[in-house]
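So the structure is just underneath, and the comments pick up after that.
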Ligand code: SF4
């Protein structure tokens, strides 16, 4: 076997086991090996008449899902078209009433729990309540052996990278912006206001998790 074949072999085991863990907790869950399969699965879960909204997610972008939704006549609540901060907040509020909400996740425990960190809480709010259906796209690299490991990943890997994403070309007064490392700050610029663990999906199957072997997101 090649190195990639060894990698895929391990991914398959981890992905399939985690799907069972997620289903045990009443999530709908799927494992895919490629971005294309992940996209196909996500589209199969979105009724054509649904109104769609999303949280900031590189995984949703990288499998081509956002692009497909925007180019194929779906009804959307497009937060990225807000012309000022006030309009953006209104669109984020409106997103709570969409049919399908698209997002990534910062980490997943091997036992099937999701961990997400949020700044103002729009993404974690939609995950918890509001949209009829939530589709979560995640690389299996986000699956951690324990809940402690999942929280650690979310805080020390995902959040610092996300800080650099949201800062763009601007400046943020946080340790992770200055050094790349999380220092558990309480800066006014922190993006880590809410740390949410989703340990069960209620109502059952409202949250659909699509795992992929591909190295997407962060
Ligand atoms: S340093 Fe602050 S903003 Fe950065 S990841 Fe840690 S808690 Fe979040």
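Residue numbers (the numbering used here): -17 to 200. Backbone N, C-alpha and C fix where the C-beta goes; we use that ideal spot for every residue, glycine too. All values reported here derive from a predicted model rather than from experimental measurement.
Neighbourhood of residue i by C-beta distance below 6 Å, restricted to the same chain and skipping five residues each side
i           : result
residue 37  : 85 and 105
residue 100 : 106 and 176
residue 103 : 176
residue 48  : 42
residue 190 : 10, 27 and 117
residue 5   : 11
residue 75  : none
Within 8 Å, strictly: CB atoms of residue i and residue j
i           : j           : result
residue 32  : residue 82  : yes
residue 0   : residue 95  : no
residue 65  : residue 77  : no
residue 24  : residue 198 : no
residue 28  : residue 57  : no
residue 167 : residue 8   : no
residue 188 : residue 116 : yes
residue 148 : residue 98  : no
residue 185 : residue 162 : no
residue 145 : residue 138 : no
Buried versus exposed call for residue i [16 or more other C-beta atoms within 10 Å across all chains shown]
i           : result
residue 159 : buried
residue 136 : buried
residue -3  : buried
Contacting residues, own chain, Cβ-Cβ under 8 Å from residue i (five flanking each side not counted)
i           : result
residue 126 : 89, 90, 91, 92, 132, 134 and 135
residue 17  : 44, 45, 46, 194, 196 and 198
residue 70  : 61 and 64
Do the segment 86 to 97 and the segment 163 to 176 make contact, defined as three or more Cβ pairs closer than 8 Å? A contact is defined here as three or more CB-CB pairs under 8 Å, and the segment 86 to 97 fails this definition with respect to the segment 163 to 176.
Evaluate the contact criterion for the segment 38 to 45 versus the segment 113 to 121: three or more CB pairs, one atom per stretch, below 8 Å. Counting Cβ pairs under 8 Å, three or more are found: they touch.
Inter-stretch contact at 8 Å, needing at least 3 Cβ pairs: the segment 50 to 57 / the segment 4 to 17: A contact between stretches requires three or more CB pairs, one per stretch, nearer than 8 Å, and the segment 50 to 57 fails this requirement with the segment 4 to 17.
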